[in-house]
Structure formats: structure tokens, C-alpha cells
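Trainee:
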Amino acid sequence: MNSMMTRYAHIGRMALLMGSVLFVVGCAAPSTAPSGSHGKQFTTMWEEIYGRLKPEIDSGNISVERGEVTLANPSVTNDQANTNSDGMGLPSSAAAVGTPGPGAASREFIRIRLTDRVLFDSGEDQIKADGVNVLSRLGRILAGEKGLEIVIQGYTDNASIRERLRSKFTDNMALSQARAANAAQILRNNGVASESLRLEWFGESRPISSNESEEGRRRNRRVEIMITPK
């Protein structure tokens, strides 16, 4: 991790148009797979992820989503992500940007969203024991999979960095980077190949809930793991 080179990359290099999406919180895993060459691999992986993480899914601390995106050239985008490698950034919302042209290809995805209830205390980057347990289980599932890109995305709420932590994190962007890096390290420790991993960090710029309430801020303090075929 110490050798990681940090730079900016436009997410808008490729756009995502949402196909059929299945959002799962505490219900039976689907038996049908989206179309595509990796359908069988994704079905098996989905079922294993769902089975091993079901207690956390049922409790609402984790959500798992599966579907397809269509890759297309963007029409307009001003979105930026901090990332440590080239290639496609996958927006948290999987929002549509641009219009698919001739030859646009579908790509399957599995997204796992982990809230701070199992990951972090407010303002902290160190992952709690429950989070280490969840990420370790996920790492063992992914360790044997080939041909995947695994994007780990770090996010924060809009609270300012506490004074005692300012020597460690200059702002929320730095905090979200550390959160993504620590999650990635646990996956590596459990056998996931470094070349399959890519980090992105967004700070407070992509809330999924209002920061006006404590519950909303808790939802915004999160890590998302996006799995797609290479």
C-alpha cells in the first residue's frame, strides 16, 4: 500500500446505463442469472456471497445487489473520482450517463455495500472486529475467482475531521481513501490477488442519505465493493 500512486481519473471515460437490477436485503437469492459470458460464475459467486453474509444482510448492515450495466461513451460528465489505477470508475448509484451506441456491451456486476455499523466509528478508518470478520469471509469467497475486477470505494459523511485526527487525515477525502485501503488490505490478507483490486475514494461527495440526521450520516459512512468481469 505504501507504493500506491495517487492521481485523478475521470469516471466519465465510460458511462453506465442500468439494466435489470436485483436489490437484496434479507430475501431468497435469485436462481436466474443476467445474460452474459460470466453468468454461471456470477450465479455461483452470488449464491455463496449471499449465503455466507446472510446474517448481516438480514440485520440491514449489508446490502447486496446484482444486475447488468451497459457500457457506452458518455455524452457529458463532470464526475471525478480519486483512484489508484486506470480504467472505469463505477458510480455508487450506477446512474445512467450518456447513450449506448452500436456495439455497446453489457457487463454483469455484484455490489456489496457495508455500513459503518460493521465497519467504522465516526471519523475513524480502522475497521471494527465485525467488519474484519465480514470482509475476511468475502475475501475467502473471492480468492479463488478469476477474471474479476474488484473496486473498493470509500465514503464518509459530511462531518469535519476531528481535531485529534487532523494530523492523520487532512480532509474527508483522505479519510475515505484510508477506509478503502484498509478494506482492500483485509481482502488481500484472505487471498484476493492485488492485481484484481482497485481503490476509489469519494469523501463526502456521494451521500446516499441526508446528512441532517445521525442515521443518515451513519448510512453515508460506508464502503462499497463492486465486482465486474474484466
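Start counting the sequence shown at 25; every next residue gets the next number (our numbering). C-beta: ideal position from N, C-alpha, C; glycine also. Since we're looking at a predicted model, the values are computed, not measured.
Would a check of beta-carbon distances place L159 closer than 7 Å to chain D?
Mentor: This model lacks chain D altogether, as it is built from one protein chain only.
Trainee: What are the residues that DSSP puts in a beta bridge with F193?
Mentor: For F193, which the question treats as bridged, DSSP gives no partner whatsoever.
Trainee: Tell me whether R186 is buried or exposed, calling it buried when 16 or more other Cβ atoms sit within 10 Å of its Cβ.
Mentor: R186 is exposed by the Cβ-count criterion.
Trainee: Taking its Cβ as the centre, do 16 or more other Cβ atoms sit within 10 Å of S83, making it buried, or is it exposed?
Mentor: With fewer than 16 other Cβ atoms within 10 Å, it is exposed.
Trainee: Would you list the one or two residues that DSSP bridges to L221?
Mentor: Partner(s): I174.
Trainee: What first and last residue would you give for the alpha helix (DSSP H) that runs through V158?
Mentor: Run containing V158: 153–166, per the alpha helix (DSSP H) assignment.
Trainee: Taking 8 Å as the threshold, find out whether the stretch 133–149 comes into contact with the stretch 236–253 through three or more Cβ pairs.
Mentor: Touching, yes.
Trainee: Return the residue from the list N85, G147, L172, A205 that minimises the CA-CA distance to D154.
Mentor: Answer by Cα proximity: N85.
Trainee: Let me know if G122 comes out buried or exposed under the rule of 16 or more other beta-carbons within 10 Å of its beta-carbon.
Mentor: Reliability fails at G122, whose pLDDT of 40 lies under 50, so the model's placement of it is uncertain and the value that follows must be treated cautiously. Classification for G122: buried.
Trainee: Are the beta-carbon atoms belonging to N214 and R164 less than 7 Å from one another?
Mentor: Contact flag set, yes.
Trainee: If we ignore side chains and look at the alpha-carbon of each, how far apart do A205 and L223 end up?
Mentor: Going from the Cα of A205 to the Cα of L223 covers about 7 Å.
Trainee: Mapping the DSSP letters down to three states, classify R186 as helix, strand or coil.
Mentor: Residue state, collapsed to three classes: coil.
Trainee: Identify whether R245 lies in helix, strand or coil by the three-state DSSP scheme.
Mentor: The answer is coil: DSSP assigns R245 none of H, G, I, E or B.
Trainee: Rounded to the nearest angstrom, what separates G178 and R76 at their Cα positions?
Mentor: So the two alpha carbons sit approximately 23 Å from each other.
Trainee: If you draw a straight line from the alpha carbon of S234 to that of K64, how long is it in whole angstroms?
Mentor: Near 38 Å, if we compare the C-alpha coordinates of K64 and S234.
Trainee: Just to confirm my understanding: we take P253, look at its own chain, exclude 5 residues before and 5 after, and list those with CB closer than 7 Å. What are they?
Mentor: Counting only Cβ-Cβ distances below 7 Å, and skipping sequence neighbours, we find H62, R131, E132, G171, L172.
Trainee: Output needed for K152: all residues of its chain with C-beta closer than 8 Å, excluding positions within five of it in sequence on either side, in chain order.
Mentor: Hits under 8 Å: V142, L143, F144, D145.
Trainee: Is the distance from the Cβ of V156 to the Cβ of E80 below 7 Å?
Mentor: Their beta carbons are not under 7 Å apart, which means V156 does not touch E80 by this criterion.
Trainee: Helix, strand or coil: which one does DSSP assign to G215?
Mentor: Three-state DSSP puts G215 in coil, outside helix and strand.
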